[in-house]
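Heads up: the structure comes next, in structure tokens.
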Amino acid sequence: NEEVVLVSACLLGQPVRYNGGGCADPALVLALAETEVIPVCPEHLGGLLTPRLPAELQGSDGAAVLNGCARVCDLSGADVSAAYVAGAHAVLALAQQHGATRAVLKQNSPSCGCGQVYDGGFHNRMVAGDGVTTALLRRHGIKVESR
Ligand code: SF4
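Residue numbers for the sequence shown follow UniProt numbering, so the first one is 6 and each next one is one higher.
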């Protein structure tokens, strides 16, 4: 059985980031050349579009958002938590459908971040924690690495 790996779509160069960009990681693409890769953008899967306002976890982490006790808000102050949670569940469903046991996700994102995320102040400051999708995948035993 060949390994199946979920990868943040922006790391594969897909223009799915809030600002219309990607962030292609050629070394990652090379490292995964022989691997079955499932590109995922949880924010798009949750119904958000590109371009969109940047959003940050508000002083907490993805696990707290999944538990309903923290929020993700965009720069205008709009609560976009529902889209983040829906996107996380869509990614989990894809992982289960394809038998993926590992994910390589984009660092610092409120969806894909792993170990550290922006703190909610839109000032480029970090706090410890996982993004919403990372938190849900880890709850279900999927290994998440950050790039
Ligand atoms: Fe989409 Fe995750 Fe990349 Fe953000 S970091 S654009 S949610 S794949």
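For each residue, glycine too, the CB sits at the ideal point set by N, CA and C.
Since the model is a prediction, treat every value here as computed from it, not as a measurement.
Worksheet item: Helix, strand or coil: which one does DSSP assign to residue 31?
Response: helix
Worksheet item: Is the beta carbon of residue 13 less than 9 angstroms from the beta carbon of residue 45?
Response: yes
Worksheet item: Of all the options 7, 9, 8, 31, which has the alpha carbon lying nearest to the alpha carbon of residue 15?
Response: For the options 7, 9, 8, 31, the alpha carbon positioned closest to that of residue 15 is the one of 31.
Worksheet entry | Chain-order list of residues whose beta-carbon lies under 7 angstroms from that of residue 9 (same chain, five-residue window excluded) | 41, 43, 103, 104, 105.
Item to complete: Identify, in the order they occur along the chain, each residue of the same chain with its Cβ nearer than 8 angstroms to the Cβ of residue 152, setting aside the five sequence neighbours on each side.
Response: 13, 16, 30, 33, 109, 110, 111, 112
Worksheet item: Listed in chain order, which residues are found with a beta carbon closer than 6 angstroms to a heavy atom of ligand 1?
Response: 13, 14, 15, 21, 22, 46, 47, 48, 111, 114, 116, 117
Practice prompt. Round the Cβ separation of residue 70 and residue 90 to the nearest angstrom and send it over; I've been treating them as touching at under 8 angstroms.
Written response: 7 angstroms
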